[in-house]
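Here the structure is laid out as C-alpha cells; the discussion comes afterwards.
In my numbering, the protein residues as written are -19 to 117.
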C-alpha cells in the first residue's frame, strides 16, 4: 500500500464522518417523555393556588419551547417555531391562545387569570406536547 492510498483513505473517512455528524445534528431528536412528564406533574402543582397560575403558564410555555427546539423546528422565538410546527398541532388555535395568554401575563397586560382561561391554556399546552411526542397520549 502506498502512502497516497493511505492518505486518501483517511481523508475519505474523515469526510464521511463529518457528513454523518452534520446529518445527525440536523435530525430531530427523540424526546425523553419521562423528563417532560415529571416537569408537567410539577407544573400541575401550581394549579392548586390561584396566585401561582401564572407560574404554571410560564412553565408550560418553557416546556413547549424546549420540545420545539429538541424537535428542531425552525425559528428564533417560540412563535416562529410554532408556525413551523403548525401542521403537527391538532389544536392550533388552542396553542396560539395559550401562547398569547402567556405573553400577556409576562407583559403585565393581564393581572388576574380567569380559571377557564388557565384550564383552556394548559389543556392546549398538554395536547401540543403530546403532538410533539414530549408527553405520552
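From the three backbone atoms N, C-alpha and C, an ideal C-beta is built for every residue, glycine too.
Exercise. Check residue 107 in the structure and name its three-state DSSP category.
Key: Here residue 107 sits in helix by DSSP.
Self-check item: Cα-Cα separation, residue 107 to residue 65
Solution: Approximately 13 Å, taken between the alpha carbons.
Self-check item: Nearest neighbour of residue 28, chosen from 116, 105, 95, 103 [CA to CA]
Solution: 95
Self-check item: Three-state secondary structure assigned by DSSP to residue 115
Solution: Coil at residue 115, not helix or strand.
Exercise. Measure how close the beta-carbons of residue 115 and residue 33 come, nearest whole angstrom, since I'm counting them as under 8 Å.
Key: Wrong, their Cβ atoms sit about 20 Å apart, outside the cutoff.
Quiz item: Of all the beta strand (DSSP E) runs that stay within the bounds of the segment 53 to 85, which reach a length of 3 or more residues?
Solution: none
Quiz item: Whose C-beta lies closer than 7 Å to the C-beta of residue 44 among residues of the same chain, with five residues either side of it excluded?
Solution: 58, 105, 108, 109
Quiz prompt | Candidates 74, 117, 112, of which the one nearest residue 97 by Cα | solution = 74
Exercise. Drop a sphere of 10 angstroms on the beta-carbon of residue -13, count the other beta-carbons inside from all chains shown, and report buried for 16 or more, exposed for fewer.
Key: exposed
Practice problem: Can you give me the start and stop residues for the alpha helix (DSSP H) that residue 31 sits inside? | Solution: Per DSSP, residue 31 belongs to no alpha helix (DSSP H) and is neither H nor E.
Quiz item: Quick one, are the C-beta atoms of residue 111 and residue 70 less than 8 Å apart?
Solution: Yes, the pair counts as a contact, with Cβ atoms nearer than the cut-off.
Quiz item: What's the C-alpha gap between residue 50 and residue -17?
Solution: 43 Å
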